[in-house]
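Below: one structure, written as structure tokens.
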Amino acid sequence: MFNLHTRRRISNVVFVSFATACFCVALVPLIAILYETVSQGAAAISVNLFTKVTPPIGETGGGILNAIEGSLVMVGLASLFGVPVGVLAGAYLSEYQGKFAYYVRLVAEVLTGVPSIVTGIFVYELIVATQHRFSALSGGIALGFMIIPIVAISTHESLKLVSSSIREGGFALGISRAKTLVYILLSSARSGVITGIALAVARVMGETAPLLFTALGSQFMMTGINDPAASLTLSIFDFGTSPYDSAHTLAWGAALVLLAIVLGLNVIVRLASRLKVTGTE
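Below, the structure written as structure tokens:
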């Protein structure tokens, strides 16, 4: 019979081997998707892809300049609206207890699992149907509604990890609860908060269904946020489902650009979350 130390070593080796095997299996679809996107999308990369607007389906040439513009504008509007609300909601859940906070958290958790198309239909009835127009603004609001619960939950969980001694130290110095939350707790938890924001932005950047009901899509550059707007996801959907090879090439190119933007945003956010904030460290 093996002694206790030997059994523990064997158990550790088995567990590590199993975890490593699961990790490798999980990497297979990820690597396959990345390889296919890069190999197919690289053929579409050209100057025209970034300087021309999307052509009518079936015609050759063109690019995705208007789709890039629309995606950045709508995600920017969504972040401008959804991130502050989500962070404040998460901070409230962390610092204030009671039935109201309980129900807010319950609603936030439910909303994170709601299909995005439901959010699109809601904003369609709320804005598009009343204003009788599709617009980048309504698309941004739909994406913003999706950002709020994700950021709220991630902020709440990040603040829960902050040591209670830090909070008590702020109170001991006579700092108000609100200032302690903003200047001390959120600063201490900023890495987790920023990571949650990055995940939320990355998710809405890849959404298509809500934009079908709100932004609609367009083959032209926007003149304002009240105009219909194209997006990378809408372009991928439109060109990817067409029967023309030229359209498929543009779809792969848009997919590669979208992948690069999301990756770039995540890298920038991760680097920014590690920077020291003057006066907090």
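So for the sequence shown, numbering that gives the first Met the number 0 puts the first residue at 0; every next one is plus one.
Every residue, glycine too, gets a C-beta built ideally from N, C-alpha and C.
Check, Outcome
"Per DSSP, what kind of secondary structure is Leu-172 in: helix, strand or coil?", "coil"
"Name the DSSP bridge partner or partners of Ala-77?", "Beta-bridge pairing links Ala-77 to no other residue."
"Assign Thr-279 to one of three DSSP states: helix, strand, or coil.", "Any reading at Thr-279 is ruled out, since the residue's pLDDT is 43, under 50, leaving its predicted position unreliable."
"Look up Ala-228 in the DSSP assignment and give the residues it is bridged to.", "Leu-215"
"Considering only the beta carbon of each residue, do Gly-40 and Leu-255 sit closer than 7 Å?", "yes"
"Whole alpha helix (DSSP H) runs in the region 70-139 with 4 or more residues, listed along the chain?", "98-111 and 115-122"
"Per DSSP, what kind of secondary structure is Thr-36 in: helix, strand or coil?", "helix"
"Measuring straight from C-alpha to C-alpha, what distance separates Ile-30 and Ala-171?", "52 Å"
"Tell me where the alpha helix (DSSP H) around Ala-199 begins and ends.", "189-204"
"Look at Ala-208 and Ile-116 and say whether their C-beta atoms are less than 7 Å apart.", "yes"
"Just tell me which of Leu-198, Thr-194 and Ser-164 has its CA closest to the CA of Ile-183.", "Ser-164"
"With a CB to CB cut of under 6 Å and the five nearest residues on each side skipped, what residues in its chain are close to Gly-191?", "Ser-157"
"Could you tell me the alpha carbon to alpha carbon distance between Asn-2 and Asn-11, rounded to whole angstroms?", "14 Å"
"Using a Cβ-Cβ cut-off of 7 Å (strictly less than) and excluding sequence neighbours within five positions of Phe-219, which residues of its own chain qualify?", "Val-52 and Asn-65"
"Along the chain, where does the alpha helix (DSSP H) containing Asn-2 start, and where does it finish?", "Counting along the chain, Asn-2 falls outside any alpha helix (DSSP H), and DSSP gives it neither H nor E."
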